[in-house]
Amino acid sequence: MPPSEFDLIARHFARPTPQAILGPGDDCALIAPSPGMELAITTDMLVSGTHFLPDTDPGQLGWKTLAVNLSDLAAMGARPRWALLAGSLPDANETWLAAFADGLFACAKRFGVDLIGGDTTRGPLNLCMTALGEVPAGEALRRDGALAGDDLWVSGQPGLAALGLAHLQGRTFLPEALAARCRSALQRPWPRVDLGMALLTQRLAHAAIDVSDGLLADLGHIAKRSRLDAEVFLPQLPGLPAGAEPLLARSCQLAGGDDYELVFAAAPGQRHELAELASRLDLPLWRIGRMIEATDESRSEAAGPGRCPSAGNVIMLDENGQPVPATEKGYDHFAQDTP
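Here it is as structure tokens:
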């Protein structure tokens, strides 16, 4: 007799939950936030064929399913605490499930997360994780906190994940060392939890967002919510990886998704502290631009012919400080011209 839904959960996903009052096994989990803390809650869905290739290694997929949610918590400076997993599975493949669970719980252990519940059913492979974290009351990093004159920073090497996907899909060929690095960025992203918490506790940033849909697109969310424009200095972006086709690599850097790096706005006076933080975390932080008031001129340049200008524009500037047309777009599930 094949295992039941409850057998599968018990075998692969029932683990101790020391941070919860009551974990899996009842109608609801019970948790208690720490005194003086607010809950930060996020959910992300990963659909086979849309968010990952059907033959993706299940252990890597288990890690990524949780990691992409922890990236959202990182962007608000929250400490991860709990997670719930809901999913549909085409069959009860216990070998696949065991590997998936190993990857999931490896990520949970690294970032101090308890899996406290969820649900499963039969259907096309679809994974939906909800993650909960804690942040001091009233102090969460938000998208609407950027100030005119703030520096713009990005962590790590945005674009590697999209470049890895292009390699896997046969749209480009990468040298093996670079291909391995890009596949790892795509399939086993590292949520910048330590960076996000440090930005919050050291009061180094005014606003932040994680790069899930593309650097320019996600930066645009900060600009729009803060009612400002953003300038990106192309010469100050991270160097493109050697061995990749430059035009494709730049496109991946500006508009590729799945990076899960952090983009944040910080006062110019914090540059020294941010350099020290980058050294302490062994994580490159790149100062790539600044926030500006949304003037009519900047709005018109960014909006382009025939478009209605408004705040929230991202304006790219070349080495001479001249605007460069922004043809790149981030990922949009419902846009007809989504790549």
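Everything in the sequence shown is counted per my numbering, starting at 25 for the first residue and increasing by one.
Backbone N, C-alpha and C define an ideal beta-carbon position, used for all residues, glycine too.
- The DSSP-derived three-state label of Asp218 is helix.
- Cβ contact annotation for Thr67 (same chain, cutoff 6 Å, sequence separation greater than five): Thr154, in chain order.
- Collapsing the DSSP output to three states places Leu113 in a strand.
- By the Cβ-count criterion, Ala107 is buried, with 16 or more other Cβ atoms from all chains shown falling within 10 Å of its own Cβ.
- Here Val348 is exposed. Its C-beta has fewer than 16 other C-beta atoms within 10 Å.
- Inside the region 217-262, DSSP marks whole alpha helix (DSSP H) runs of 4 or more residues at positions 217-225 and 239-250, from first to last along the chain.
- Secondary structure at Cys52: coil, using DSSP grouped into helix, strand and coil.
- For Val338, the uninterrupted beta strand (DSSP E) segment begins and ends at Val338 to Leu341.
- Per DSSP, the unbroken beta strand (DSSP E) holding Leu176 starts and ends at Asp175 to Ser179.
- Residue environment for Gln181: buried (at least 16 other C-beta atoms within 10 angstroms of its C-beta).
- For Asp96, no beta strand (DSSP E) encloses it; the enclosing alpha helix (DSSP H) starts and ends at Pro82 to Ala99.
- The three-state reading of DSSP puts Ser58 in coil, since its state is none of H, G, I, E or B.
- Contact between Tyr284 and Ala164 does not hold, since their C-beta atoms are separated by about 18 Å, which reaches or exceeds 8 Å.
- Under the 8 Å Cβ criterion, the region 116-128 counts as touching the region 67-86, having at least three qualifying pairs.
- It is roughly 8 Å from the alpha-carbon of Pro265 to the alpha-carbon of Leu184.
- Contact between Phe288 and Leu223 holds, since their C-beta atoms are separated by about 6 Å, short of 8 Å.
- In the structure shown, Phe124 falls within a helical segment according to DSSP collapsed to helix, strand and coil.
- Just so you know, the alpha carbons of Lys133 and His245 end up roughly 31 Å apart.
- Across the set Arg39, Asp96, Leu298 and Glu343, the C-alpha of Leu298 shows the shortest separation from the C-alpha of Leu228.
- If you draw a 10 Å sphere on the C-beta of Ala99, you find 16 or more other C-beta atoms in it, and that means buried.
- Contact annotation: Ala110 and Asp143 have beta-carbon atoms nearer than 8 Å.
- The distance from the Cβ of Gly47 to that of Pro104 is about 16 Å, inconsistent with a contact at the 8 Å cut-off.
- In the DSSP assignment, Cys152 forms a beta bridge with Met69 and Ala110.
- Under DSSP, the beta-bridge partners assigned to Phe288 are Trp177 and Ala232.
- In the three-state reduction of the DSSP assignment, Ala170 falls in the coil class, being assigned neither a helical nor a strand state.
- Counting the other CB atoms within 10 Å of its CB gives Phe135 a total of 16 or more, which places it among the buried residues.
- With a cut-off of 8 Å on Cβ pairs, the region 307-320 is in contact with the region 241-260, counting three or more such pairs.
- Around the beta carbon of Asp306, a 10 Å sphere encloses fewer than 16 other beta carbons of the protein chains shown; the residue is thus reported as exposed.
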